[in-house]
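Chemist: In the working numbering, the protein residues as written are 1468 to 2030.
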Amino acid sequence: MSTEEGSKPTNFIRHMIDEDLANNKNNGRVATRFPPEPNGYLHIGHAKSIALNFGIARDYQGTCNLRFDDTNPHKENIDFVEAIQNDVRWLGFDWDDRLYYASDYFEKLYDFALELIQAGKAYVCDLDAEQTREYRGTLKQAGKNSPSRDRSVDENLDLFQRMRAGEFKDGERVLRAKIDMASPNMNMRDPTLYRIRHGVVHHQTGAEWCLYPMYDFTHPISDALEGITHSICTLEFEDHRPLYDWMLDNISIDCHPQQIEFSRLNLQYTVMSKRKLTELVDEGLVEGWDDPRMPTIAGLRRRGYTAASIRAFCDRIGVTRADNSVEMAMLESAIRDDLNVNAPRRMAVLHPLKVVIENYPEGQTEELDVDNHPQNEAMGQRKIPFGREIYIDRDDFKESANKKFKRLVTGGEVRLRNAYVMRCDEVIKDEQGEIIELRCSYDADTLGANPEGRKVKGVIHWVSVAHAIEAEVRLYDRLFSHPTPDDAKDGVDYKTRLNPESLHTLSYCYLEPALADASVDDHFQFEREGYFCLDRTKVGDKPVFNRTVTLRDSWAKIEGQGD
Ligand code: ATP
Ligand code: MG
């Protein structure tokens, strides 16, 4: 079911395409599309659909169009249109010159509506919203025909043209397909094709239209106009498939794409509905669409996820028709696998404790040559300054501890990563008894290796005080503290399940000087701490680094940090 990049994924949709190709259906053509509604940023669920649609086009020498499904101008805007294009490109996919908008087809769609009216297959309905609901019936009970249903073709044509001309108010009249009010499939009970919306300025068509087509009318026709062969969508559209087919069977268009449904991606500890993500943004519960805790592509990117890791994740989860909720650990292991191989190593002290190495000459600095990656020589080396004063992490020191603690204790020795063995001689405390400094001594003969017969088990990281870059570091955790925050069954408001500990800010961290050259698209392993990236913002002059992910899955209760 799943594969890594480089080999082709297999799934039931690809099997269907293989069969179509074997039968020379569509003359061997494969054309897909990704059809986002520009009413929010893309999220990791969309990435699954993007990877599927663009991936099929890539592997079958086909095409994948980017088409904005922009029939609901109330909630849409041009910022979303741009953000979506950026995100698809960033994910590594390309629509070449095939960028389309459903609104490109408004005139053609209107003509198809006229065609349906002329054929007696659509009518203008005068029922208001509440009456329409009443007439629609229920799952157990057939609907009733609207009193408008038997209007003459001429009257329908006249009314529909007047709807377009702006003669009627919002909600006063709609255009409906004439199918079957007794159909067991509610979608087939004379669905609405057009509604009136005055006073909205559409991001593409401006104020030209006051008549907007519905998704179920627009989508199949847009697909057919673009010559799509496989129209892939999520499972909630399964019951709409008969309507998709009805549309194309009842208008004069000679292309009939096949709608194929797959199950949406749900990811634990987050929400994926655009309505809810919009609420989080609008109510200031997160910093914005690219808040690093958001499951949006922009948020994941800012958090430090790579496009390759997201593509690998999408391949690993596979494509099926089964409802599922994927563990966050799957996403995190995809980014760890990428960064473990590709992120250069750096040293950064997140909870600084100052150390004075008393037998190291004052004013002296050494430049140590250090590998950027322990397994990959091609990543080269960098210089790290070492001096008399260094910072180590508070957690790497205890005044006294049992043998399990392999780091620094009073009177004990530890190896400073990439440098010397150091012993702690004295602990300095403030008036409250808090440790504020360590006095230590180093062994000049231990650079790079332990002398014969001497066992120093612990290795800790450090940064030279004189050369350190001060930075803010942001540690992120799950956005929600519940695995399925918007589980409809228990009726609890998902917002009450936001994790109050999802952001932990460390304002005074010290980084090795090589990190001064970091740019926003770089990724680093801070040794023993996790994977990090530079944020696009600063706090005053201070750079900000985001923790992408810990080194190991601490949620699985595996010890997080090596000793
Ligand atoms: P929402 O219901 O939250 O508004 P949507 O499905 O309406 O989301 P669209 O912009 O219409 O969002 O989605 C564009 C495409 O992405 C659609 O083909 C849709 O099926 C697919 N998609 C959206 N969410 C997911 C998901 N969680 N997993 C897989 N595909 C998804
Ligand atoms: Mg949609």
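No residue lacks a Cβ here, since even glycine has one placed at the ideal position from N, Cα and C.
Please name the residue in 1522, 1661, 1657 whose C-alpha comes closest to that of residue 1709.
Modeler: Minimum Cα distance to residue 1709 is reached at 1657.
Chemist: Report yes if the CB atom of residue 1909 is closer than 9 Å to the CB atom of residue 1826, and no otherwise.
Modeler: Cβ distance < 9 Å, so residue 1909 and residue 1826 count as in contact.
Chemist: Got a sec: does the ligand ATP put a non-hydrogen atom nearer than 8 Å to the Cβ of residue 1507?
Modeler: It does: the Cβ of residue 1507 is within 8 Å (strictly closer) of some heavy atom of the ligand ATP.
Chemist: What separation, rounded to the nearest whole angstrom, lies between the Cα atoms of residue 2016 and residue 1592?
Modeler: Looking at the two C-alpha atoms, the distance is approximately 55 Å.
Chemist: Please report the distance separating the alpha-carbon of residue 1468 from that of residue 1783.
Modeler: Because residue 1468 carries a pLDDT of 41, less than 50, the predicted location of this residue cannot be relied on, and the following value inherits that uncertainty. Taking the straight line from one Cα to the other gives about 8 Å.
Chemist: Measure the beta-carbon distance from residue 1878 to residue 1891 and round it to whole angstroms, keeping in mind my assumption that it falls under 8 Å.
Modeler: Going by Cβ atoms, the distance from residue 1878 to residue 1891 rounds to 7 Å, so yes, they are a contact pair.
Chemist: Cβ atoms of residue 1508 and residue 1550: under 9 Å apart, would you say?
Modeler: Yes, Cβ-Cβ distance for residue 1550 and residue 1508 is below 9 Å.
Chemist: Taking a contact to mean a Cβ-Cβ separation below 9 Å, would you say residue 1501 touches residue 1520 in this structure?
Modeler: Cβ atoms of residue 1501 and residue 1520: closer than 9 Å.
Chemist: Sorted by chain position, which residues of the same chain lie with C-beta nearer than 6 Å to residue 2020's C-beta, five sequence neighbours on each side aside?
Modeler: The answer, listed in chain order, is 1796.
Chemist: Excluding the 5 residues flanking residue 1913 on each side, which residues of the same chain have their C-beta closer than 6 Å to its C-beta?
Modeler: Within the same chain, residue 1913 has close Cβ partners 1887, 1888.
Chemist: How is residue 1834 classed by DSSP in three states: helix, strand or coil?
Modeler: Three-state result, residue 1834: strand.
Chemist: Report yes or no: do three or more beta-carbon pairs, one from the stretch 1971-1988 and one from the stretch 1806-1825, lie closer than 8 Å?
Modeler: The stretch 1971-1988, when compared against the stretch 1806-1825, does touch it at the 8 Å Cβ threshold.
Chemist: Between 1799, 1696, 1728, which lies nearest to residue 1499 when the distance is taken from Cα to Cα?
Modeler: Nearest C-alpha to residue 1499: 1696.
Chemist: Under 7 Å Cβ to Cβ from residue 2088, same chain only, skipping five residues before and after it: list those, please.
Modeler: Because residue 2088 is not part of the residues shown, which for the chain are 1468 to 2030, the question remains open.
Chemist: Taking residue 1727 as the reference, give the member of 1699, 1882, 1716 with the closest Cα.
Modeler: Taking only the C-alpha atoms, the option nearest residue 1727 is 1699.
Chemist: Work out the CA separation of residue 1988 and residue 1934 for me, nearest whole Å.
Modeler: About 24 Å.
Chemist: Select from 1855, 1608, 1693 the residue whose C-alpha is nearest the C-alpha of residue 2031.
Modeler: The displayed coordinates of the chain run from 1468 to 2030. Any statement about residue 2031 would go beyond what the structure contains.
Chemist: For residue 1690, I'd like the list of residues in its chain whose CB is within less than 6 Å of its CB, leaving aside the five on either flank, ordered along the chain.
Modeler: Excluding positions up to five away in sequence, the list reads 1698, 1724.
Chemist: Quick check on this structure: which residue in 1761, 1893, 1920 has the alpha carbon closest to the alpha carbon of residue 1907?
Modeler: Here the closest residue by C-alpha is 1893.
Chemist: For residue 1843, tell me which candidate among 1806, 1820, 1824 has the shortest Cα-Cα distance.
Modeler: The residue with the shortest Cα to Cα distance from residue 1843 is 1806.
Chemist: Report yes if the C-beta of residue 1680 is less than 8 Å from at least one heavy atom of the ligand ATP; otherwise report no.
Modeler: It does not: the Cβ of residue 1680 is nowhere closer than 8 Å to a heavy atom of the ligand ATP.
Chemist: Please write down, chain order preserved, every residue whose beta carbon lies under 6 Å from a heavy atom of the ligand ATP.
Modeler: This criterion selects 1502, 1503, 1504, 1512, 1513, 1515, 1516, 1536, 1700, 1701, 1731, 1732, 1739, 1740, 1741.
Chemist: To which residues of the same chain is residue 1583 closer than 6 Å at the C-beta, ignoring the five residues directly before and after it?
Modeler: The residues are 1589.
Chemist: Between the C-alpha atoms of residue 1672 and residue 1482, what's the straight-line distance to the nearest angstrom?
Modeler: Answer to the nearest angstrom: the Cα atoms are 39 Å apart.
Chemist: Report the three-state DSSP secondary structure of residue 2024 (helix, strand or coil).
Modeler: Since pLDDT at residue 2024 reaches only 44, below the 50 mark, its modelled position is unreliable, and the value read off the structure follows with that caveat. It is coil, neither helix nor strand.
Chemist: Examine the ligand SAH and report whether any of its heavy atoms sits within less than 8 Å of the Cβ of residue 1653.
Modeler: Ligands present in the displayed structure are limited to the ligand ATP and the ligand MG, and the ligand SAH is not among them.
Chemist: What distance in whole Å lies between the Cβ atoms of residue 1741 and residue 1506, which are believed to be in contact at a cut-off of 8 Å?
Modeler: Confirmed, about 6 Å.
Chemist: Within its chain, find whatever has a CB closer than 6 Å to the CB of residue 1612; leave out the 5 residues flanking it on each side and keep chain order.
Modeler: So the qualifying residues of the chain are 1648.
Chemist: Could you check which residue in 1571, 1489, 1737, 1993 has the C-alpha nearest to that of residue 1962?
Modeler: The candidate whose alpha carbon is nearest that of residue 1962 is 1737.
Chemist: Of all the beta strand (DSSP E) runs that stay within the bounds of the stretch 1899-1928, which reach a length of 3 or more residues?
Modeler: 1902-1910, all fully within the stretch 1899-1928.
Chemist: Out of 1840, 1823, 1733, point me to the one whose CA is closest to residue 1789's CA.
Modeler: Among 1840, 1823, 1733, the Cα nearest to that of residue 1789 belongs to 1733.
Chemist: For residue 1692, which of 1494, 1534, 1761, 1523 has the nearest alpha-carbon?
Modeler: Checking every option, the nearest Cα to that of residue 1692 belongs to 1534.
Chemist: Please report the residue range of the alpha helix (DSSP H) in which residue 1555 lies.
Modeler: Per DSSP, residue 1555 belongs to the alpha helix (DSSP H) from 1545-1557.
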